[in-house]
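Let me begin by presenting the structure, written as structure tokens, before commenting on it.
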């Protein structure tokens, strides 16, 4: 039986979102600090915290979408107002902060609608390639909702989707960040599909013991990291069930209010941390050029966490306001 997010708030999911966002921030802080000092960042990044954070975000997204199927024809519109306003606001802020300091910053209108076949604008310093995947996933789920797929039919579709990804990945090396028209068959979709399958069968697996879940998560995520160099699809299909176990553990055990609040701001943190980091490092190199790598990393990390959390809080409040406006219009229409 699928989860229904009308009936319960799973605060642990927000905590997991916060952890995923901080993993991405940590990896980018290492990357940008090392880049500024002309050092290979891989020397300091033995674990791909950012990649794991993105993968966890995708599993959570798939899980949550399984709990939003009741929204019917409103489903896609709700996803649009969740993704686009914050993204566009982040582009505006990126321009305000970086346009005068980064010569490669320019606005490209083609980047605004998150179309898969459009080249990425790396000058924004916004990792919005993941949003293209998000919207692609939402479009497919919306189609299943409109076509009134049953939960069983959705499960079958997800299994076929996984098989198609595995088959295509065997013969086609799809670019992860810019998959183009191969978007729906790119390996990263494995995490969305796994999360959705977890949401569809949540009632049957929610009481699995914590210790076996934790062992499963550690073993599968470790194996996935080992396999990554050989096959992206194979690595992701190994890691995804491990991250699904992490989601179950997080729902059960992550009950810290401060972490939930950070999770509320996680989308804004994800969108804005990188360009805040870039600005911070630019200013530090200009006014304190002798800083060590560790000092540069620490200050960039601190500035990014504080600045992006503030942006995330504003973005979260904006989204809540948009939801209230939409709810009010629906109620007036009904009356």
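Residue numbers (full-length UniProt numbering): 1 to 335.
Note that CB positions come from ideal geometry on N, CA and C, so glycine has one too.
Scanning its chain for C-beta atoms nearer than 6 Å, with the 5 sequence neighbours on each side dropped, one finds around residue 213 the residues 245, 248, 249, in chain order. Under the three-state reduction of DSSP, residue 241 is assigned to helix.
DSSP places residue 212 in the helix class (H, G or I) of the three-state scheme.
Annotation: residue 112 to residue 209 spans about 44 Å, alpha carbon to alpha carbon.
The way I'd put it, the stretch 178-193 does touch the stretch 127-141; three or more beta-carbon pairs between them come closer than 8 Å. Exclusion of the five residues before and after residue 72 leaves 145 as the residues of its chain whose Cβ lies within less than 7 Å of its Cβ.
With fewer than 16 other Cβ atoms inside 10 Å of its own Cβ, residue 119 counts as exposed.
DSSP places residue 101 outside both helix and strand once states are collapsed to three, so it counts as coil. Counted as a single uninterrupted DSSP element, the alpha helix (DSSP H) harbouring residue 165 occupies residues 151-171.
Rounded to the nearest whole angstrom, the C-alpha separation of residue 47 and residue 56 is 15 Å. Excluding residues up to 5 positions away in sequence, 30, 34 lie with their Cβ nearer than 7 Å to the Cβ of residue 44 in the same chain. Residue 39 carries a coil assignment under DSSP once its states are collapsed to helix, strand and coil. Excluding its 5 nearest sequence neighbours in each direction, residue 122 has C-beta neighbours in its own chain below 8 Å: 104, listed in chain order.
Per DSSP, residue 230 lies in no alpha helix (DSSP H) segment and is marked neither H nor E. In the displayed model, residue 47 falls within coil according to three-state DSSP, outside both helix and strand. Counting along the chain, residue 133 sits inside the alpha helix (DSSP H) bounded by residues 129-146.
Sixteen is the threshold: since fewer than 16 other Cβ atoms of the shown chains lie within 10 Å of the Cβ of residue 204, the residue is exposed. Buried is the label assigned to residue 179, since at least 16 other Cβ atoms lie within 10 Å of its Cβ. In the displayed model, residue 201 falls within coil according to three-state DSSP, outside both helix and strand. The alpha-carbon separation between residue 42 and residue 285 amounts to approximately 22 Å.
Rounded to the nearest whole angstrom, the C-alpha separation of residue 14 and residue 269 is 13 Å. Annotation: the continuous alpha helix (DSSP H) that includes residue 268 extends over 266-287. Listed in chain order, the alpha helix (DSSP H) elements of length 4 or more contained wholly in the stretch 7-31 amount to none. With respect to the 8 Å criterion, residue 16 and residue 254 are classified as neighbours on the basis of their beta carbons. Ranked by Cα distance from residue 308, the options 277, 291, 287 are led by 277.
Comparing alpha-carbon positions, the option among 327, 315, 324 lying closest to residue 84 turns out to be 315.
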